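**Q**
In the working numbering, the protein residues as written are -3 to 73.
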């Protein structure tokens, strides 16, 4: 697959579960986030289409940790 081949080159040997499940999990994340965004009423708090696409891409490539790093340390739990 388009995702599986690059993952095989990048991941350490023995990471078959990652290769087998990550693409499906990624599609689920994209679909669930997109559906939630579509169902969200238009408010100033709702990200624009471009912002939401960028957020999803960041989550896929960097994980949610990137969001946590943007929160000032006083606000972190």
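Think of the CB as a built atom: it goes at the ideal place given N, C-alpha and C, for glycine as much as any other residue. Since we're looking at a predicted model, the values are computed, not measured.
Helix, strand or coil for residue 44 per DSSP?
**A** Stepping through the chain shown from its first residue, residue 44 is reached at position 48. Correct three-state label for residue 44: coil.
**Q** Residue 74 and residue 43 look like a contact to me (Cβ under 8 angstroms); what is the Cβ gap, rounded to whole Å?
**A** Here the chain has residues from -3 to 73 only, and residue 74 is not among them.
**Q** Residue 49 by DSSP, collapsed to three states: which one?
**A** The sequence position of residue 49 within the chain shown is 53, counting from 1. If DSSP states are grouped into helix, strand and coil, residue 49 belongs with the helices.
**Q** Short of 8 angstroms in beta carbon distance, which residues of its chain neighbour residue 18, apart from the five on each side in sequence? Order them along the chain.
**A** The residue given as residue 18 occupies position 22 in the chain shown. Answer for residue 18: -1 and 3, listed in chain order.
**Q** Along the chain, where does the alpha helix (DSSP H) that runs through residue 15 open and close?
**A** Counting from 1 along the chain shown, the entry for residue 15 is found at position 19. Segment 12 to 35, the alpha helix (DSSP H) holding residue 15.
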